[in-house]
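There are 2 protein chains.
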Amino acid sequence: MATKGFETRERIVQRALDLIHAGGFSATSMNDIVDATGVKKGNLYFHFSGKEELGLEVIREARRQYNAYLRERITGNTPLEKIESLLEAIVDFHRGRNFSGGCIFGNTALELGGRHREFSALIADVFREWTDMLSGMIDAAQAAGQVRSDIDTRVMARHIVALLEGGVMMSKLSGREDDLGSCVDSVKTMMRC
Amino acid sequence: MATKGFETRERIVQRALDLIHAGGFSATSMNDIVDATGVKKGNLYFHFSGKEELGLEVIREARRQYNAYLRERITGNTPLEKIESLLEAIVDFHRGRNFSGGCIFGNTALELGGRHREFSALIADVFREWTDMLSGMIDAAQAAGQVRSDIDTRVMARHIVALLEGGVMMSKLSGREDDLGSCVDSVKTMMRC
């Protein structure tokens, strides 16, 4: 049974996730989180030793939510249809946010990556997990003769993850779906046999 | 003839560029720039009204420097060789920084894009300029029969810009050349007829 403390902790993480996704890690202060949750500062620090610990939990929670969303959206009868439904789910996710917030993993990767080991390792692991998932799907599509086989599946999977991160960046800048959308369309064409 | 004031201004911009490239815009304070340049705070504010004005000048200067570097590095006898030399120059640039700082334009795009109009417009213009340059090169390579022509040149150019931004992000996270390198290799393969 969820205790009140557990619910408070969950609420802090969710509001911090919203703030960090919209504004970035450095620009979000513990005071902003106090204001957004109504939780007293002492109580906030009872749950999290500081912004770093909270930020890491935010990335873990974002990962759980986003991966659950993706798993739910993968549909289709053939391996290629499954890949295409995944790509469509990613575009839909960002369309639902008007392409404004970008990808919280990519944003944080560029903000803290290389300077902060724990964040770097955690986000690298998120990207590795997506690459693994896509590799498996591409393997199946290659076996079914639906995807070109002159490129290693892992290399192609990594290409797609990087491309989507870059495409989300372009759409965040422009506010236009077309930037991410045309990346998705062209990689579909390039993958085909 | 360069005046002392002009030289001071240039020095501020260059040091601010280094700090923002390494640490990000939000995490770099005007005090950090005072410390790094030895310029007195009053003098810093004589040259720039605030961090925003300085930050925009930093992005403009980074654009000048990076585009000059790229133009200098494009070589080759055929259109495809020119494209490949450009891709190699980009990997070399990041190798020279141990893949640690990422792309200052991409970093700032994700940090401020969507929230700050002037930064968004300026960085979108940098990406548009790269896309234009690549489009022209791909056009020539298509005309020479070196690159597939079933994808619109502008779409392919945008794909490459997004892919490189994503690949630089992955290499920044991992510190490994392989992430960006494999993106470059696979797009070369995918572009071919």
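Residue numbers (the numbering used here), protein chains in the order written: chain X, 17 to 209; chain P, 17 to 209.
Built from N, CA and C at the ideal position, the CB exists for glycine as well.
Query	Result
Taking 8 angstroms as the threshold (C-beta atoms), are residue 72 (chain X) and residue 90 (chain X) in contact?	no
Starting from the C-beta of residue 147 (chain P), find all residues in its chain whose C-beta is less than 8 angstroms away, skip the five residues before and the five after it, and write them out in chain order.	170, 173, 174 and 177
Would you mind working out which of X:192, X:141, X:209 and X:130 sits nearest residue 39 (chain P), comparing C-alpha positions?	X:130
Buried or exposed: residue 62 (chain P), going by 16 or more other Cβ atoms within 10 Å of its Cβ?	exposed
Classify residue 181 (chain P) as buried or exposed, calling it buried when 16 or more other Cβ atoms lie within 10 Å of its own Cβ.	buried
Please state whether DSSP places residue 50 (chain X) in a helix, a strand or coil.	helix
Can you confirm whether residue 126 (chain X), when its beta carbon is compared against all beta carbons of chain P, has any partner nearer than 8 angstroms?	yes
Count the CB pairs spanning the stretch 63-70 of chain X and the stretch 107-120 of chain X that are closer than 8 angstroms, and state whether there are at least three.	no
Along chain P, in chain order, which residues have C-beta atoms closer than 7 angstroms to that of residue 205 (chain X)?	166 and 167
For chain P, find out if any of its Cβ atoms is closer than 8 angstroms to the Cβ of residue 107 (chain X); answer yes or no.	no
Should residue 158 (chain X) go down as buried or exposed, given a rule of 16 or more other Cβ atoms within 10 Å for buried?	buried
List, in chain order, every chain P residue whose beta-carbon is nearer than 8 angstroms to that of residue 139 (chain X).	189
Should the stretch 26-34 of chain X be regarded as contacting the stretch 44-58 of chain X, the criterion being three or more beta carbon pairs within less than 8 angstroms?	yes
Report all residues from its chain with a CB closer than 7 angstroms to the CB of residue 212 (chain X); omit the five preceding and five following residues, and keep chain order.	Absent from the model: residue 212 (chain X). The displayed extent of chain X is 17 to 209, so no value can be given.
If we count the other Cβ atoms within 10 Å of its Cβ and call it buried at 16 or more, is residue 118 (chain P) buried or exposed?	buried
From residue 199 (chain P) to residue 133 (chain X), what distance separates their C-alpha atoms?	24 angstroms
Any idea which residues DSSP pairs residue 208 (chain X) with across the strands?	X:163
Taking Cβ positions, are residue 193 (chain X) and residue 202 (chain X) nearer each other than 8 angstroms?	no
Where do the N-terminal and C-terminal ends of the alpha helix (DSSP H) with residue 36 (chain P) fall, by residue?	20-39
Which residue comes first and which comes last in the alpha helix (DSSP H) that contains residue 109 (chain P)?	95-111
For residue 128 (chain X), which option in X:183, X:41 and X:34 has the closest C-alpha, if you only look at C-alpha atoms?	X:41
How would you list, in chain order, the residues of chain P whose beta-carbon sits under 8 angstroms from the beta-carbon of residue 152 (chain X)?	Residues of chain P passing the Cβ test: none, with the nearest at roughly 18 angstroms.
List, in order along the chain, the chain P residues whose C-beta lies closer than 8 angstroms to that of residue 64 (chain X)?	Ordered by position in chain P, no residue passes the 8 angstroms Cβ test against residue 64 (chain X), which lies about 20 angstroms from the chain.
What's the C-alpha gap between residue 155 (chain X) and residue 161 (chain X)?	10 angstroms
Would you grab the beta carbon distance between residue 185 (chain X) and residue 125 (chain P) for me? Rounded to a whole angstrom, and I think it's under 8 angstroms.	5 angstroms
Out of curiosity, what's the CA-to-CA distance linking residue 139 (chain X) and residue 74 (chain X)?	11 angstroms
Below 8 angstroms on the Cβ atoms is my guess for residue 209 (chain X) versus residue 144 (chain X); work out the distance and round it to an integer in Å.	That belief does not hold up - the Cβ atoms of residue 209 (chain X) and residue 144 (chain X) are roughly 27 angstroms apart, past 8 angstroms.
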